[in-house]
Amino acid sequence: MDVRNFSLLVANEADTCRKYVVPRLQAAGWEETPHSIHEQCHFTAGRIVVTGRSATRQRRKRADYLLRYTRDLPIAASPEGHAEDS
Numbered sequence: 278m279d280v281r282n283f284s285l286l287v288a289n290e291a292d293t294c295r296k297y298v299v300p301r302l303q304a305a306g307w308e309e310t311p312h313s314i315h316e317q318c319h320f321t322a323g324r325i326v327v328t329g330r331s332a333t334r335q336r337r338k339r340a341d342y343l344l345r346y347t348r349d350l351p352i353a354a355s356p357e358g359h360a361e362d363s
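For the sequence shown, the positions run 278 to 363 when my numbering is used.
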């Protein structure tokens with residue numbers, strides 16, 4: 278197998294999602310007003326942990342897709358067994 282053609286066969290997660298997931302979300306009406314789709318976004322600033330007199334912020338939570346039913350009602354969706362969760 279030619280190495281130059283190998284890259285055409287291997288698709289990364291983002292390419293696969295854009296090819297299969299996004300068209301289905303669009304067909305379901307998630308891009309019609311007032312609904313919206315946001316790819317690869319953080320939806321929290323991270324939990325604040327207070328220890329004594331100092332505070333630290335934990336890691337932000339990320340979703341592959343953030344679906345918003347309305348501007349003020351987000352619904353986060355991520356595939357199960359996501360590599361970042363382990």
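Just so you know, even glycine gets a beta-carbon here, dropped at the ideal spot from N, CA and C.
Since we're looking at a predicted model, the values are computed, not measured.
For residue i, the nearest candidate out of the options (CA to CA)
i, options, result
"residue 319", "300, 306, 340", "340"
"residue 347", "290, 316, 294, 307", "307"
"residue 295", "331, 317, 333, 349", "317"
Residue i: CB within 8 Å of a non-hydrogen atom of the ligand NAD
i, result
"residue 337", "Here there are no bound small molecules, and the ligand NAD is not part of this structure."
Beta-carbon spacing of residue i, residue j below 9 Å
i, j, result
"residue 314", "residue 344", "yes"
"residue 337", "residue 322", "yes"
Residues near residue i in its chain [Cβ-Cβ closer than 6 Å; skip 5 each side]
i, result
"residue 362", "Bear in mind that a pLDDT of 49 at residue 362, under 50, signals an unreliable position, so the number given afterwards is only what the model happens to contain. Taken in chain order, the list of residues that qualify is empty."
"residue 300", "none"
Cβ-based neighbour list, residue i, same chain, cut-off 8 Å, excluding 5 preceding and 5 following
i, result
"residue 351", "320, 343, 344, 345"
"residue 329", "none"
7 Å CB neighbourhood of residue i in its chain, flanking five on each side removed
i, result
"residue 311", "347, 348"
- request: Could you tell me which uninterrupted alpha helix (DSSP H) segments, each at least 4 residues in length, are contained entirely in the stretch 285 to 354, listed from first to last along the chain?
  value: 290 to 293, 299 to 304
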